[in-house]
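Trainee: Residues 1 to 221, numbered by full-length UniProt numbering, are exactly what the sequence shown covers, in order.
Every residue, glycine too, gets a C-beta built ideally from N, C-alpha and C.
Here the structure is a predicted model, which is why all the values come from computation and not from measurement.
What follows is a structure written as structure tokens; I'll ask about it next.
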Amino acid sequence: MKMYLLGAANPEAVRMLHAVKRSTPNIEFAFLDNDPRKHGTLFYGVPVLGGCERVGELNGEDVRFVNLITGSTRLRYETTCQLVDAGARLGQFVHPGIDLSMIRMGQGSYLQEGVLMQAEVTLGDNTSISAGSVVGHEGRIGHSVFMAPGVCIAGCVEIGDGTFIGTNATILPRLRIGRWVTIGAGAVVTKDVPDFSVVVGNPARIIKTNAVPYPDARVFK
């Protein structure tokens, strides 16, 4: 199998792909990046072949693509849509140390080392969870969601599409977080959060509304 990773920016991705190759030696990796200055270069020894325009020629029965862009969930959503519109089949870039038993995942997951998901967690398509984050039992995570390092989500929480959760944020049990919400680093969320809100602090409070032109973050229409 060949796997192409969109976004040659974080060296941790290279360390992780080597871990994946040790557990699954038949996977070959290369990067794509939409910055033309990176095309034809090596990113920590791994080739950067081009941008999304290369998907058509690289595509094949045994080829998968995963988006590593995480700085903005809107940009993550839009670039994954570019991949899918070009015919890409999304794969799973998951650290081999993660226990996936009793977990349901959509396509295009990017899960870093040390992620802990309890039983009956559901992940939507195009989800990214960073190192050391915890998702409690029966959590429902929407499409194109990003969790930064050290996020702690208690049990039975629902996270809406396109939500961005900052480093070390905490969400208490049985809450509903809406679509395209931004939760600031270190925030402690103690009550439901409506769609498009930006929340910060302990306890978290709404400080403004996101201007996002999408009703959801589904990459497969």
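Rank R74, E120 and L68 by C-alpha distance to the C-alpha of I129 and give the top, closest one.
Mentor: When only C-alpha atoms are compared, the closest one is L68.
Trainee: Give me, in chain order, the residues of the same chain whose beta-carbon lies closer than 6 Å to that of S23; leave out the 5 immediate sequence neighbours on both sides.
Mentor: P96
Trainee: List the whole-angstrom C-beta distance separating L42 from A30, where the pair is believed to meet the contact cut-off of C-beta under 8 Å.
Mentor: Contact flag wrong, Cβ pair sits at about 10 Å.
Trainee: According to DSSP, is P213 helix, strand or coil?
Mentor: coil
Trainee: Please list, in chain order, all residues of the same chain as K157 whose beta carbon is under 6 Å from its beta carbon, the five residues on each side excluded.
Mentor: As written in the sequence, residue 157 is Val, which differs from the Lys given in the question. Cβ within range, chain order: G139, I171 and L175.
Trainee: Please state whether DSSP places C81 in a helix, a strand or coil.
Mentor: helix
Trainee: Hey, out of F93, H137 and F220, whose CA is closest to H143's CA?
Mentor: F220
Trainee: When DSSP labels each residue in this structure, what does L75 get in the three-state scheme?
Mentor: helix
Trainee: Taking only three categories from DSSP, how would you classify E53?
Mentor: Helix, per DSSP.
Trainee: Could you check the C-alpha separation between T209 and V84 for me, to the nearest Å?
Mentor: Going from the Cα of T209 to the Cα of V84 covers about 29 Å.
Trainee: DSSP on F221, reduced to helix/strand/coil?
Mentor: In the sequence as presented, Phe is not what sits at residue 221; that position holds Lys. Here K221 sits in coil by DSSP.
Trainee: I need the boundaries of the alpha helix (DSSP H) containing V63, first residue and last residue.
Mentor: It is not in any alpha helix (DSSP H) - V63 instead sits in the beta strand (DSSP E) that spans V63 to N67.
Trainee: Along the chain, where does the beta strand (DSSP E) that runs through K2 open and close?
Mentor: Counting along the chain, the beta strand (DSSP E) containing K2 begins and ends at K2 to L6.
Trainee: Quick one, are the C-beta atoms of G45 and V66 less than 8 Å apart?
Mentor: no
Trainee: Tell me whether the beta-carbon of G155 lies closer than 8 Å to the beta-carbon of G132.
Mentor: Not in contact: G155 and G132 (Cβ atoms no closer than 8 Å).
Trainee: Going straight from the alpha carbon of L58 to that of V188, what length do you get?
Mentor: 44 Å
Trainee: If you draw a straight line from the C-alpha of A204 to the C-alpha of H18, how long is it?
Mentor: Distance between the alpha carbons of A204 and H18: 38 Å.
Trainee: Between the C-alpha atoms of G51 and I141, what's the straight-line distance to the nearest angstrom?
Mentor: Answer to the nearest angstrom: the Cα atoms are 28 Å apart.
Trainee: Taking its Cβ as the centre, do 16 or more other Cβ atoms sit within 10 Å of K191, making it buried, or is it exposed?
Mentor: Taking every protein chain shown into account, the CB of K191 has fewer than 16 other CB atoms within 10 angstroms, so this residue is exposed.
Trainee: Could you work out which residue in Y214, G201, I206 and G186 is closest to V193 when comparing CA atoms only?
Mentor: I206
Trainee: What's the gap between the Cα of residue 245 and the Cα of M117?
Mentor: Outside the shown range of the chain (1 to 221) lies residue 245, about which nothing can therefore be said.
Trainee: Apart from the five residues just before and just after G7, which ones in its own chain have a Cβ nearer than 7 Å to its Cβ?
Mentor: D33, N67, L68 and I69
Trainee: Once DSSP output is grouped into helix, strand and coil, what is the label at R104?
Mentor: strand
Trainee: T122 to M105, Cα distance in whole Å?
Mentor: 6 Å
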